[in-house]
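Have a look at the structure below, then the notes.
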Amino acid sequence: MPISPRTALLVIDVQNDFTPGGQLAVPEGDLIVPLINRLAEQFKQVVIAQDWHPAGHASFASSHPGRQPYEVIQLPYGEQTLWPDHCIQGSRGADFHSGLNLPHAQLIIRKGCNPDIDSYSAFLEADRATTTGLAGYLKERGIDTVYMVGLALDFCVMFSALDARAAGFNTFVVLDACRAIDMNGSLASAMERMQVAGVGLIQSTELL
447 MPISPRTALL VIDVQNDFTP GGQLAVPEGD LIVPLINRLA EQFKQVVIAQ
497 DWHPAGHASF ASSHPGRQPY EVIQLPYGEQ TLWPDHCIQG SRGADFHSGL
547 NLPHAQLIIR KGCNPDIDSY SAFLEADRAT TTGLAGYLKE RGIDTVYMVG
597 LALDFCVMFS ALDARAAGFN TFVVLDACRA IDMNGSLASA MERMQVAGVG
647 LIQSTELL
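Given below as C-alpha cells:
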C-alpha cells in the first residue's frame, strides 16, 4: 500500500548492546535488521531512537552498591528495574547495529541522557513528565501516524507506542520487526497494554 507522507517510521534502539553479544542482548535482536531496512525504504520520514546513558546512570545496578542486575528498587520517580551497564555515551555498545542502513533518516532522538532518570520511551522519560521533544517534532512535520519497529518490544517499543497514542498519534507496532526480552511475563503484559491503548499490532506484510 502507498504510505502517506503524514506517516513516520520510528526505529527504536537497534544498538549493539541490545543485540547478541551486547550487554543487554535481546534474543534474535539482530535478525530484525534486514527487515527494518526494507520497511524504511517505504517511508519518507524515518526517526531513530538511541539509548544514550552517561556512565554511572541511576538505572545501572553498578550504581547501587550491593544490588544486582534485574533487581527492582525505588527511585524518586517510582519503581526502577536495575540493568547491566549498557549504551554508555560514545561506547561501541551504544552504536547502532552495523547492518542498520537508514541513510534518509532525518532525526536521531537520544534518550536516557539524564543521569538520574531512565527513559524507555522515545517520547517521555520515566518520571512521566520530562519530554524528549519528539512529539513536537513529529507534529511540526505534519506527522499524524507512526509505525514502530525495534528493541525491545516489551520495554522501549511498548512505552514509546503507549506515549505516541497518548500524544494523539495513530500508532502501529510491526511485530515481526521487533523482538522482546520477555522477563517475568513482560511480553504478554506489553501486548495487552498496547491493545487496550488502541495501538495497532500488525505484521510487515501489511506494509511491504
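The opening position of the sequence shown corresponds to residue 447 in our numbering, with each subsequent residue numbered one higher.
For glycine and all other residues, C-beta sits at the position ideal for the given N, C-alpha and C.
{"Check": "Could you tell me the distance, in whole angstroms, from the CA atom of Pro-549 to the CA atom of Ile-494?", "Outcome": "11 Å"}
{"Check": "Count the other CB atoms within 10 Å of the CB of Gly-596; is the residue buried (16 or more) or exposed (fewer)?", "Outcome": "buried"}
{"Check": "Would you mind reading off the limits of the beta strand (DSSP E) that contains Glu-525?", "Outcome": "524 to 527"}
{"Check": "If you draw a straight line from the alpha carbon of Arg-625 to that of Gly-512, how long is it in whole angstroms?", "Outcome": "31 Å"}
{"Check": "Taking C-alpha atoms, which residue in Glu-525, Ser-508 and Glu-474 lies nearest to Leu-599?", "Outcome": "Glu-474"}
{"Check": "For the alpha helix (DSSP H) containing Leu-597, name the first residue and the last one.", "Outcome": "From DSSP, Leu-597 is part of no alpha helix (DSSP H) but of the beta strand (DSSP E) over 591 to 597."}
{"Check": "Can you name the residues that DSSP bridges to Asn-462?", "Outcome": "BP columns for Asn-462 are empty, so no partner."}
{"Check": "DSSP three-state call for Thr-577: helix, strand or coil?", "Outcome": "strand"}
{"Check": "Look at the alpha carbon of Ala-454 and the alpha carbon of Gly-646, and state the distance between them as a whole number of angstroms.", "Outcome": "15 Å"}
{"Check": "Rounded to the nearest angstrom, what separates Pro-466 and Ile-589 at their Cα positions?", "Outcome": "33 Å"}
{"Check": "How is the beta strand (DSSP E) around Asn-616 delimited, first residue to last?", "Outcome": "616 to 625"}
{"Check": "How far does the beta strand (DSSP E) with Arg-497 in it extend, from its first residue to its last?", "Outcome": "Rather than Arg, the amino acid found at residue 497 in this sequence is Asp. Counting along the chain, the beta strand (DSSP E) containing Asp-497 begins and ends at 491 to 497."}
{"Check": "I need the boundaries of the beta strand (DSSP E) containing Leu-485, first residue and last residue.", "Outcome": "Per DSSP, Leu-485 belongs to no beta strand (DSSP E); it is in the alpha helix (DSSP H), 479 to 486."}
{"Check": "Let's test the definition: count the other Cβ atoms within 10 Å of the Cβ of Thr-576 and tell me whether it reaches 16, buried, or not, exposed.", "Outcome": "exposed"}
{"Check": "Assuming contact is defined by CB atoms lying nearer than 8 Å, are Val-460 and Val-492 in contact in what I supplied?", "Outcome": "no"}
{"Check": "Could you pull out every residue in the same chain whose Cβ sits closer than 6 Å to the Cβ of Ser-567, ignoring the five residues on either side in sequence?", "Outcome": "Phe-605, Ser-606 and Asp-609"}
{"Check": "Per DSSP, Gly-467 forms a beta bridge with which residues?", "Outcome": "None, per the DSSP bridge assignment."}
{"Check": "Pairing CB atoms from the segment 515 to 522 with CB atoms from the segment 578 to 592, are three or more of them under 8 Å?", "Outcome": "no"}
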